[in-house]
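To start, the structure itself, in structure tokens.
Chains as they are written, first to last, in this note's numbering: chain C, 162 to 486; chain W, 1435 to 1720.
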């Protein structure tokens, strides 16, 4: 199963939300859509789901044009950011409602719902209302509902953003086991780059409704296509400083190291990060961030240095990458 | 010490609510009329025995319940429709919302006069139109079988906006992604109204039911202005009957009895609705 977006466009209130977006997601592949808020990532998801209709362009699932068909006929399993569980129904009713509406027999519906409840270890909660569940449990119910659709495609809209960091880490393997290991394409919208990098096979970065870069997490980190991508992906943020007219240099904080030769520096302040520490330095190149091991000690002879091949070079006018990593 | 801060509110309730209730209960146990020279003469509950055997009181009770039941249920159905319309993404929504609230903002007396004129025979628009299309004058306000319907129409016109406002507030608490999730599961708009909107609106519907029942049960000004309780007392409500006993028959003891009786009836009705409401609320855990 393959999802193809063919130069889709969407305007809302005369503002371009999506401009000329083309994507291809293969079966079993997880594509994360990453971008700052307002970049159009949620709209992209809604266009694929059929909750919004494209102004132009087309969407295909398995060579079938679904651009103008109704959301239900697209057979998409979607997990909403808020989970969108029906508060007046029990967990069991929440899961069986869709099956009932689509005319699946009661016997078959009971069988399917119980097997999903079993798979997600939710049986003991089946008679409870969503309000009586924890955030993690609600998220699992939302996943269960998407799984029950036996969809040709999964759409996950910030599925973890309402959970605390600890729970997120615990749920990642589960999400992987249930959805990412299937053979449907998965689109995973997030604003959290760590999540995108750890979950996705490829990442698409959107800005102002345009696709700025698409590639494996490693590609995007190692060879950001523009200044925007370089500074959006990677924490602590990349150091950018003008090299000469028309050229901007970038160096990741972890690629700066202490050396006998190089440039002088003064420590402005230090951030202690546990496994390592982040130094904010004042140098002849301007203010730089340097990431070092936590146990390193700095003496007065030290200078900072970096390897030339670690430099990212950007055109200061087009903001695009010049060198090939 | 903390309770000291409650004193103003407590005093207010005591003065305008508890004291009159005690006083009227006290009055209902006495004969107080022109015959007694407005002196309080204990009569061992004969007011209450008279009330139990008073056909006019019971007929008025049934008429009041009929008025309340019809106007409140029509108001709620209309209010749901109006609230659904007003919650759509339409141009000029703000202006529409304001306009739809206008009837509620009008003083009841003024709008009741308006409705009396609309139903006027033969000059009101309704009779004019029916004469024009050949039905002759309808003469609704002087027909004992129909006049109450005119009062229900007046009440519906005035109070639907208030109910619509409560329902609209309720509609806005329903997140839009519930509808979207339901749509993706294959639900039609009608199904989503029945399966999502209505169940989630239930607490708001019951809330307006309690508010409106209490108000409609004590209806006075609208009927006093539109029909004065007539024709042949066919639109007379309990409040009008109590008013007549005090102001026309100058029988204050009996008037107080009627008021206390209607208070007890109303409290019972509201209590049942409230219990039902709370049960539903905890069930929905909203």
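Backbone N, C-alpha and C define an ideal beta-carbon position, used for all residues, glycine too.
is_contact[residue i, chain W] using C-beta, thresh 8 Å
i              : result
residue 463(C) : no
residue 299(C) : no
residue 243(C) : yes
residue 256(C) : no
residue 352(C) : no
residue 247(C) : yes
residue 305(C) : no
residue 259(C) : yes
residue 314(C) : no
residue 212(C) : yes
residue 252(C) : no
First and last residue of the uninterrupted beta strand (DSSP E) at residue i
i               : result
residue 365(C)  : 363–368
residue 316(C)  : 314–318
residue 1577(W) : Per DSSP, residue 1577(W) belongs to no beta strand (DSSP E) and is neither H nor E.
residue 193(C)  : 191–195
residue 419(C)  : 418–420
residue 170(C)  : 164–173
residue 476(C)  : 473–476
Minimum Cβ-Cβ distance from residue i to chain C less than 8 Å
i               : result
residue 1527(W) : no
residue 1720(W) : Residue confidence for residue 1720(W) is low, a pLDDT of 43 falling below 50, so the modelled location carries little weight; the figure read from the coordinates is stated next. With 8 Å as the cut-off, residue 1720(W) counts as an interface residue toward chain C.
residue 1609(W) : yes
residue 1509(W) : no
residue 1633(W) : yes
residue 1536(W) : no
residue 1592(W) : no
residue 1612(W) : yes
residue 1619(W) : yes
residue 1629(W) : yes
residue 1758(W) : No answer is possible for residue 1758(W): it lies beyond the span of chain W, which begins at 1435 and ends at 1720.
residue 1712(W) : no
Chain-ordered neighbours of residue i on chain A, where CB pairs are closer than 8 Å
i               : result
residue 1625(W) : This model lacks chain A altogether; the protein chains it does include are C and W.
Span of the alpha helix (DSSP H), counted from its first residue to its last, around residue i
i               : result
residue 1675(W) : 1672–1681
residue 1489(W) : 1489–1520
residue 1543(W) : 1542–1552
residue 1458(W) : 1453–1462
residue 1642(W) : 1632–1651
residue 160(C)  : This structure cannot speak to residue 160(C), because chain C is shown only from 162 to 486.
residue 1532(W) : 1527–1539
residue 1612(W) : 1610–1618
residue 429(C)  : It is not in any alpha helix (DSSP H) - residue 429(C) instead sits in the beta strand (DSSP E) that spans 426–433.
residue 467(C)  : Careful: residue 467(C) lies outside any alpha helix (DSSP H) and carries neither H nor E.
residue 1564(W) : 1559–1566
residue 1470(W) : Where residue 1470(W) is concerned, there is no enclosing alpha helix (DSSP H), given that its DSSP letter is neither H nor E.
Original post:
Using 8 Å as the Cβ pair cut-off and three pairs as the minimum, do the segment 1639–1653 of chain W and the segment 1585–1603 of chain W touch?
Top reply: By the Cβ rule, the segment 1639–1653 of chain W counts as touching the segment 1585–1603 of chain W, because three or more pairs are nearer than 8 Å.
Original post:
Does the pairing of the segment 418–438 of chain C with the segment 447–455 of chain C give three or more beta-carbon distances under 8 Å?
Top reply: Enough Cβ pairs lie closer than 8 Å, so yes.
**OP:** Indicate whether the contact test is met: 3 or more Cβ pairs, each with one atom in the segment 384–394 of chain C and one in the segment 414–432 of chain C, closer than 8 Å.
**Re:** The segment 384–394 of chain C is not in contact with the segment 414–432 of chain C.
Original post:
Is the segment 1576–1587 of chain W in contact with the segment 1656–1667 of chain W, if contact means three or more CB pairs nearer than 8 Å?
Top reply: The answer is yes - the segment 1656–1667 of chain W touches the segment 1576–1587 of chain W, with three or more Cβ pairs under 8 Å.
**OP:** Please go through the segment 230–270 of chain C and give each complete alpha helix (DSSP H) segment of 4 or more residues, from N-terminal end onward.
**Re:** Runs of the alpha helix (DSSP H) lying entirely within the segment 230–270 of chain C, each at least 4 residues long, are 252–262 in chain order.
**OP:** Pull out every residue of the segment 229–243 of chain C whose Cβ sits closer than 9 Å to any Cβ of chain W, in chain order.
**Re:** Listed by position along the chain: 231, 232, 233, 234, 235, 237, 238, 239, 241, 242, 243.
Original post:
Using 8 Å as the Cβ pair cut-off and three pairs as the minimum, do the segment 176–195 of chain C and the segment 348–364 of chain C touch?
Top reply: The segment 176–195 of chain C, when compared against the segment 348–364 of chain C, does touch it at the 8 Å Cβ threshold.
Original post:
In chain order, which beta strand (DSSP E) runs of at least 3 residues are fully inside the segment 376–408 of chain C?
Top reply: With a minimum length of 3 residues, the continuous beta strand (DSSP E) runs that stay inside the segment 376–408 of chain C are 400–405.
Subject >> Residue ranges of each beta strand (DSSP E) within the segment 177–228 of chain C, 3 or longer >> reply: If we require 3 residues or more, the beta strand (DSSP E) runs fully inside the segment 177–228 of chain C come out as 191–195, 217–222.
**OP:** Pull out every residue of the segment 418–430 of chain C whose Cβ sits closer than 7 Å to any Cβ of chain W, in chain order.
**Re:** Of all residues in the segment 418–430 of chain C, none has a Cβ within less than 7 Å of some Cβ in chain W.
Original post:
In chain order, which alpha helix (DSSP H) runs of at least 4 residues are fully inside the segment 311–357 of chain C?
Top reply: If we require 4 residues or more, the alpha helix (DSSP H) runs fully inside the segment 311–357 of chain C come out as 326–336.
Subject >> Stretch pair the segment 361–375 of chain C + the segment 406–415 of chain C: three plus CB contacts closer than 8 Å >> reply: Result no; under three Cβ-Cβ pairs closer than 8 Å.
**OP:** Would you check if there are 3 or more beta carbon pairs closer than 8 Å linking the segment 1614–1621 of chain W to the segment 231–238 of chain C?
**Re:** Yes, they touch.
**OP:** Quick one: which unbroken beta strand (DSSP E) runs of 3-plus residues sit fully inside the segment 436–463 of chain C? Chain order, please.
**Re:** Runs of beta strand (DSSP E) with 3 or more residues, each lying fully within the segment 436–463 of chain C, are found at 437–444, 447–454, listed in chain order.
Original post:
Does the segment 274–287 of chain C come within contact of the segment 312–320 of chain C, defined as at least 3 CB pairs closer than 8 Å?
Top reply: Cβ pair count under 8 Å is below three, so no.
Original post:
Does the segment 1521–1532 of chain W come close enough to the segment 1551–1569 of chain W to have 3 or more Cβ pairs within less than 8 Å?
Top reply: Output reads no: the segment 1551–1569 of chain W does not touch the segment 1521–1532 of chain W.
Original post:
Below 8 Å, can you find three or more Cβ-Cβ pairs linking the segment 253–268 of chain C to the segment 206–218 of chain C?
Top reply: No contact exists between the segment 253–268 of chain C and the segment 206–218 of chain C.
**OP:** Examine the Cβ distances between the segment 172–180 of chain C and the segment 324–334 of chain C and report whether three or more of them are shorter than 8 Å.
**Re:** Touching, no, given that fewer than three Cβ pairs across the two stretches are closer than 8 Å.
Original post:
Do the segment 1460–1468 of chain W and the segment 1686–1701 of chain W meet, that is, are 3 or more Cβ pairs less than 8 Å apart?
Top reply: As far as the Cβ criterion goes, the segment 1460–1468 of chain W touches the segment 1686–1701 of chain W, which means the pair count is three or higher.
**OP:** Would you check if the segment 1603–1617 of chain W and the segment 241–248 of chain C touch, i.e. whether three or more CB-CB distances between them fall below 8 Å?
**Re:** As far as the Cβ criterion goes, the segment 241–248 of chain C touches the segment 1603–1617 of chain W, which means the pair count is three or higher.
Subject >> Inter-stretch contact (C-beta, 8 Å, three-pair minimum) for the segment 1689–1702 of chain W and the segment 1671–1681 of chain W >> reply: The segment 1689–1702 of chain W, when compared against the segment 1671–1681 of chain W, does touch it at the 8 Å Cβ threshold.
**OP:** Determine, using beta-carbon pairs with one atom in the segment 1448–1459 of chain W and one in the segment 441–448 of chain C, whether at least three such pairs fall under 8 Å.
**Re:** In short, these stretches do not touch, since the Cβ pair count stays below three.
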